[in-house]
Amino acid sequence: MTTATVPRLTMGADGRLRHRISAGELSNDLAGWIAEDLVAPGHIEASAFERTFVSVVASVDPGWTAFYRNTLDELGRGGAPGGTNAGMAPVHDRAVELAVGSVVELGCCFGFLSLQLVAAGHDVTAVDLSAGTVRLLSRVAPALDLPLHTLTGDATAVPLADASADTVFAVHLLEHLPPALAPVVVGEMLRLARRRVVVAVPYEDEPNPAWGHVRTFDAADLDALGAATGRPYRVEDHHGGWLVVDA
Numbered sequence: 001m002t003t004a005t006v007p008r009l010t011m012g013a014d015g016r017l018r019h020r021i022s023a024g025e026l027s028n029d030l031a032g033w034i035a036e037d038l039v040a041p042g043h044i045e046a047s048a049f050e051r052t053f054v055s056v057v058a059s060v061d062p063g064w065t066a067f068y069r070n071t072l073d074e075l076g077r078g079g080a081p082g083g084t085n086a087g088m089a090p091v092h093d094r095a096v097e098l099a100v101g102s103v104v105e106l107g108c109c110f111g112f113l114s115l116q117l118v119a120a121g122h123d124v125t126a127v128d129l130s131a132g133t134v135r136l137l138s139r140v141a142p143a144l145d146l147p148l149h150t151l152t153g154d155a156t157a158v159p160l161a162d163a164s165a166d167t168v169f170a171v172h173l174l175e176h177l178p179p180a181l182a183p184v185v186v187g188e189m190l191r192l193a194r195r196r197v198v199v200a201v202p203y204e205d206e207p208n209p210a211w212g213h214v215r216t217f218d219a220a221d222l223d224a225l226g227a228a229t230g231r232p233y234r235v236e237d238h239h240g241g242w243l244v245v246d247a
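Using full-length UniProt numbering, the letters of the sequence shown correspond one by one to residues 1 to 247.
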């Protein structure tokens, strides 16, 4: 006999969201809980994911600092087994290993990788299309004593000068974009990078709509992207796929 896991998030008969998440456990693992407890059973549409995420965090931690501190702590420890942080921790660790010099991260989202790169000693500019997310990161980073530069911008046309940084990252960004835009983003990354371009993607059989994924990647897709640059490149497998291009 097995005991069913009690969901952390439920939708009441009145249509109101309820949760049992404390400030001490609030972290980016919330993403997985929303996907499992609400999106997968059909309680909310995938399009409501971000709105639901923000409302839960704000209800527990209006300043968002606990959310950020807990997430960075969890990523540093490797994350709880099966959680979102556990899935991303080795990806972020590898990204930090690949970083050289100053960094621009495209599609930074909440900016966890950018903050980890600052902690590792890099000068970082974090770029995201969402102005609200960029404002949040700009406000929280100084409170964490991890100062960085932030910029609202589209990864297909980044408002930065050529050769703006030594390393340019797009970590788990391209799976959110239509296939035709992948080479456009890589081209922008090469324009911005003095030394290295790093792309990381998950390997999935089908795009996961709960995470906003619209396409899948395999090693052959990354190889084609690398070959199209005309630059030296390599493709690696490490908790997903990696394309590293010498700028």
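Glycine is no exception: its CB is placed at the ideal position from the N, C-alpha and C atoms.
Within the continuous beta strand (DSSP E) that includes residue i, where are the two ends?
i, result
"His176", "Per DSSP, His176 belongs to no beta strand (DSSP E) and is neither H nor E."
"Val127", "Val124 to Asp128"
"Val186", "Val186 -> not in any beta strand (DSSP E); alpha helix (DSSP H) instead, spanning Ala182 to Leu192."
According to DSSP, is residue i helix, strand or coil?
i, result
"Gly82", "coil"
"Trp242", "strand"
"Arg94", "helix"
"Val118", "helix"
"Ala48", "helix"
"Asp166", "strand"
"Thr5", "coil"
"Arg20", "coil"
"Thr156", "coil"
"Val54", "helix"
"Glu236", "strand"
"Val100", "coil"
"Ala40", "coil"
"Ala200", "strand"
"Thr10", "strand"
Only counting the same chain, and skipping five residues up and downstream in sequence, which positions put a Cβ closer than 8 angstroms to that of residue i?
i, result
"Ala131", "Thr152"
"Met1", "Residue confidence is low: Met1 scores 35 on pLDDT, short of 50, so the model does not pin down where it sits. No coordinate-derived value is stated."
"Pro207", "Glu175, His213, Val214, Arg215 and Thr216"
"Val100", "Asp166, Thr167, Arg195 and Arg196"
Output the boundary residues of the alpha helix (DSSP H) element that contains residue i.
i, result
"Asp218", "Where Asp218 is concerned, there is no enclosing alpha helix (DSSP H), given that its DSSP letter is neither H nor E."
"Arg69", "Thr65 to Arg77"
"Leu106", "Segment Val103 to Leu106 is the beta strand (DSSP E) holding Leu106; no alpha helix (DSSP H) there."
"Val140", "Ala131 to Ala143"
"Leu148", "Looking at the DSSP string, Leu148 is not in any alpha helix (DSSP H), and its letter there is neither H nor E."
"Trp33", "Leu30 to Ile34"
Tell me which residues share the same chain as residue i and place their Cβ nearer than 6 angstroms to its Cβ, disregarding the 5 neighbours each side in the sequence.
i, result
"Asp123", "Ser102"
"Gly111", "Ala126 and Leu137"
Return the Cβ separation of residue i and residue j in integer angstroms, given the expectation that the two are a contact with Cβ distance under 8 angstroms.
i, j, result
"Val91", "Ser164", "Actually they do not touch by this definition, with Cβ atoms about 23 angstroms apart."
"Val189", "Ala170", "A small fix is needed here, since residue 189 is Met in this sequence, not Val. Yes, Met189 and Ala170 are in contact; Cβ-Cβ is about 6 angstroms, under 8 angstroms."
"Val127", "Cys108", "6 angstroms"
"Val57", "Phe67", "5 angstroms"
In chain order, what residues of the same chain lie with their CB nearer than 7 angstroms to the CB of residue i, ignoring the 5 residues before and after it?
i, result
"Thr52", "Leu17, Ile34, Leu38 and Ile44"
"Ala143", "Thr65"
"Ala119", "Leu146"
"Leu243", "Val199, Leu222, Leu225, Gly226, Tyr233 and Val235"
If distances are taken between C-alpha atoms only, which option among the options comes closest to residue i?
i, options, result
"Leu225", "Thr65, Ala120, Val185 and Leu137", "Val185"
"His239", "Gly76, Ala143, Ala80 and Gly87", "Gly87"
"Ser55", "Glu36, Leu72, Leu30 and Val100", "Leu30"
"Arg234", "Val6, Phe217, Gly32 and Arg196", "Arg196"
"His172", "Ala200, Leu190 and Ala155", "Ala200"
"Leu177", "Ala46, Val214 and Gly78", "Val214"
"Tyr203", "Leu181, Glu175 and Ala227", "Glu175"
"Gly230", "Pro183, Thr216, Glu206 and Ala210", "Pro183"
"Asp237", "Thr156, Ala155 and Ala95", "Ala95"
"Leu115", "Ala23, Asp205, Ala219 and Asn70", "Asn70"
"Pro209", "Met11, Ser47 and Arg77", "Ser47"
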